Amino acid sequence: MAKRSPRRRGTLVGAALVTALALVTPAVGPAAAGATQTSAVPRDDEDDVPAKVKAHTTSRPLVGWTIGLDPGHNGGNATNVSAINQQVADGRGGWKQCNTTGTTALSGYPEHEFTLDVSLRTREALEALGATVVMTREDNEGVGPCVDVRGTFAEDSDVDVMLSIHANGSTDPAIAGFFAIIADPPLSESQGLPSLELAETMIAALTDGGFTPSTIYEEALSQRADLATLNFSRRPTVMLELGEMRNPAESELMSSEAGRQQYADALVDGVLDWSGPRSPQ
């Protein structure tokens, strides 16, 4: 893995949370529709925010950036089996299942709710930092989108960077930790070094955020050719398996609001670190 630059832990991410106090608007999607999905939870007491964070409440370093978030799976997939079983192009001349239902935590908390909740929390903080955020879905009521559409979404929406958010479901409950996935071999320039650097940065941010890197893959990085979401993307893109939903400790963390906020904070920190030395396209 390439040498990583010094971290800025807790500064700009904290700024996003403080700025969100003034900017928070009614939730879009499940919360607004009365679904069970929990949207981002704003701070009620500004006194809880550290003084060093308050100093950055006017900082908006992501102005001009467009960030794509892809919350994996969807709430309607399980009841629309024929739709998600249809075959779509995999981006390399083969075929792939449109989508799947995703996995479920030991608590019964489904992956599709976890990925949406983390994405909504991440969106709120990124927008507070000045970014424009677009998502492949904003509620848990639909089916899909299919994996090929999720992949082309990055270019169709002209994003600068895209994160596909997932959680893994290894059958062995002893397996723990997060990992990142990129397309390999790359089919475009963006799938090469830019996506690799993005993956490395997000791995570092999640590690610094207190999460355990998976030992399944060396340095928590998987390189695959069979994921249409990655194959079709023509922007720097990484798929993040944020943890193992059947591991008792990680299942408990993912099932809690505090845990999901912790994941979102780490993702925002990673985006900041990756965008810091770069300019939006």
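Read left to right, the sequence shown gives residues -33 to -1, 1 to 248 (mature numbering (1 follows the signal peptide of the UniProt record, and there is no 0)).
Where is the CB? At the ideal position from N, CA and C, for every residue including glycine.
Here the structure is a predicted model, which means the values were calculated and not measured.
query: Option nearest Ser86 by Cα separation, candidates Ser246, Gln228 and Arg245; result: Gln228
query: Cβ pair count under 8 Å reaching 3, the segment 28 to 41 against the segment 61 to 70; result: yes
query: Gly31 versus Asp127: straight-line alpha-carbon distance, rounded; result: 10 Å
query: Assigned secondary structure, Ser189 (DSSP; H/G/I helix, E/B strand, else coil); result: strand
query: Residue environment, residue 321, which counts as buried when at least 16 other CB atoms sit within 10 Å; result: The structure shown does not extend to residue 321, since the chain is modelled only from -33 through 248, so no value can be given for it.
query: Short Cβ contact (8 Å threshold) for Leu93 with Val100; result: yes
query: Beta-carbon gap between residue 255 and Thr196 smaller than 8 Å; result: Lying before the first or after the last residue shown, residue 255 is absent from the chain, which here runs from -33 to 248.
query: Rounded straight-line distance, which links the Cα of Ser26 to that of Ile149; result: 31 Å
query: For Ser137, the nearest candidate out of Ala45, Pro244 and Thr182 (CA to CA); result: Thr182
query: For Met129 and Leu163, the rounded distance between their alpha carbons; result: 13 Å
query: Candidates Thr33, Met169 and Thr204: closest to Ala95 by CA position; result: Thr33
query: Residue interval of the alpha helix (DSSP H) (run including Ser218); result: Pro215 to Met221
query: The segment 167 to 184 / the segment 151 to 158 touching (three or more Cβ pairs under 8 Å); result: no
query: Delimiting residues of the beta strand (DSSP E) encompassing Glu105; result: No beta strand (DSSP E) contains Glu105, which DSSP labels as neither H nor E.
query: Exposure label - Asn52; buried when at least 16 CB within 10 Å; result: exposed
query: Cα-Cα separation, Gly243 to Gly97; result: 14 Å
query: Contact check, Arg233 vs Phe178, beta carbons under 8 Å; result: Here the sequence assigns Ala to residue 233, which means Arg is not the residue at that position. Taking 8 Å as the Cβ cut-off, Ala233 and Phe178 qualify as a contacting pair.
query: Asp125 versus Tyr76 - alpha carbon distance; result: 33 Å
query: Three-way DSSP call (helix, strand, coil) for Thr68 in this model; result: coil
query: Boundaries of the alpha helix (DSSP H) in which Gln229 is found, first to last residue; result: Glu224 to Ser242
query: Contact under 8 Å by Cβ, Met212 with Thr70; result: yes
query: Of the listed residues Asp84, Ala187 and Gly176, nearest to Ala147 (C-alpha basis); result: Ala187
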